[in-house]
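Student: The structure is given below, and queries will be raised subsequently.
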Amino acid sequence: MEAAMVDEVAELPPLQKAEKSENALEDVKLFNRWTFDDVSVSDMSLQDYIAVTAGKHATYIPHTAGRYSVKRFRKAQCPIIERLTNSLMMHGRNNGKKLMAVRIVKHAMEIIHLLTDANPVQVIVDAVINSFLTDNSLFQQWTSGRCHKDRFGWGCPSSGGGYLSIEESQPGIVPSDTGARESAFRNIKTIAECLADELINAAKGSSNSYAIKKKDEIERVAKANR
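Numbering (the numbering used here), first residue to last: 619 to 844.
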């Protein structure tokens, strides 16, 4: 039976093969529960940097073993759930503990679904979007109003408004993990529960979120330095 199916796919033209493989990817669910089909990125400027497309970035677990640092801007192809998982492994003693980070994210997503009755992938995407910083705020904060040169060229505070690209998308992810880590310290709550609360509050834009408070603080300091 399986051999017959393989022969049938092998006989298909290249275009039909590609369509069949895309349809197979659309059926992939994260942790075999959460679908990517109804997930949308509300901010047009971030659609290229938050990888949640069902046909391209759907995975069963947030671990693709990809070499995203080899080529410039390849990190944009890393699924956003995996980037959230990777940022949980920060600060020395947590390095390399990917399985532990995956379990934390899985448990947090189950809690998010219980509390909000929504797709937790969409909640995480909304939380990351709300935690992003504008480019003027970042440049004012980093350079105190002066232009600077880095490996991507020159950057100035006078550049147009909007969002920065892939190198600055990390500030939308890291504060959520940092807030969850700090909330779980000396607390009866587990880190998965704290991460779920942090992501839900960030998705709502609530000031109870560490990421939202950090964003408001940086933008306030940047405005004062203009």
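No residue lacks a Cβ here, since even glycine has one placed at the ideal position from N, Cα and C.
Alpha carbon to alpha carbon, how far is I806 from V659?
Tutor: Here residue 806 refers to the residue found at position 188 of the sequence shown. Here residue 659 refers to the residue found at position 41 of the sequence shown. Their Cα atoms are separated by approximately 34 Å.
Student: Starting from T734, follow the alpha helix (DSSP H) in both directions and report where the run begins and ends.
Tutor: For the purposes of this step, residue 734 is taken as residue 116 along the sequence shown, with counting starting at 1. Segment 716 to 734, the alpha helix (DSSP H) holding T734.
Student: Would you identify the three-state DSSP class for L648, choosing helix, strand or coil?
Tutor: Start at 1 with the first residue of the sequence shown, and residue 648 comes out as number 30. Strand at L648.
Student: Can you tell me whether S687 is buried or exposed? The criterion is at least 16 other CB atoms within 10 Å of its CB, across all chains shown.
Tutor: The sequence position of residue 687 within the sequence shown is 69, counting from 1. Exposed, by the Cβ-count rule.
Student: Measure the C-alpha to C-alpha separation of S827 and E816 and round it to an integer number of angstroms.
Tutor: Position 209 of the sequence shown, counted from the start, is the residue given in the question as residue 827. Position 198 of the sequence shown, counted from the start, is the residue given in the question as residue 816. So the alpha carbons of these two residues sit roughly 5 Å apart.
Student: What residue does the alpha helix (DSSP H) around R599 start on, and which one ends it?
Tutor: A question about residue 599 goes unanswered here, because the residues of the chain that appear run from 619 up to 844.
Student: Measure the C-alpha to C-alpha separation of N704 and A719 and round it to an integer number of angstroms.
Tutor: Position 86 of the sequence shown, counting from 1, holds the residue named residue 704. Position 101 of the sequence shown, counting from 1, holds the residue named residue 719. One C-alpha to the other measures close to 7 Å.
Student: Going straight from the alpha carbon of A683 to that of A842, what length do you get?
Tutor: Your numbering for residue 683 matches position 65 in the sequence shown. Your numbering for residue 842 matches position 224 in the sequence shown. Going from the Cα of A683 to the Cα of A842 covers about 43 Å.
Student: How should D656 be labelled, buried or exposed, when 16 other C-beta atoms within 10 angstroms of its C-beta is the threshold for buried?
Tutor: Within the sequence shown, the letter at position 38 stands for residue 656. When all chains shown are included, D656 counts as exposed.
Student: Specify the secondary structure class of A683 as computed by DSSP and reduced to three states.
Tutor: Position 65 of the sequence shown, counting from 1, holds the residue named residue 683. In the structure shown, A683 sits in coil (DSSP, three-state: anything other than H, G, I, E or B).
Student: Can you tell me whether E800 is buried or exposed? The criterion is at least 16 other CB atoms within 10 Å of its CB, across all chains shown.
Tutor: Here residue 800 refers to the residue found at position 182 of the sequence shown. E800 comes out exposed.
Student: For T671, collect the residues of the same chain with a Cβ closer than 8 Å to its Cβ; drop the 5 residues on either side in sequence, then sort them by chain order.
Tutor: Position 53 of the sequence shown, counting from 1, holds the residue named residue 671. Excluding residues within five positions, the ones whose Cβ falls inside 8 Å are F654.
Student: I believe I699 touches I742 by the beta-carbon criterion, under 8 Å. Please report the beta-carbon distance rounded to the nearest angstrom.
Tutor: If you number the sequence shown from 1, residue 699 lands on position 81. If you number the sequence shown from 1, residue 742 lands on position 124. Confirmed, about 7 Å.
Student: Would you check if the distance between the CB atom of V749 and the CB atom of G790 is smaller than 8 Å?
Tutor: The residue given as residue 749 occupies position 131 in the sequence shown. The residue given as residue 790 occupies position 172 in the sequence shown. The amino acid at residue 749 is misidentified as Val; the sequence shows Ser. Contact flag set, yes.
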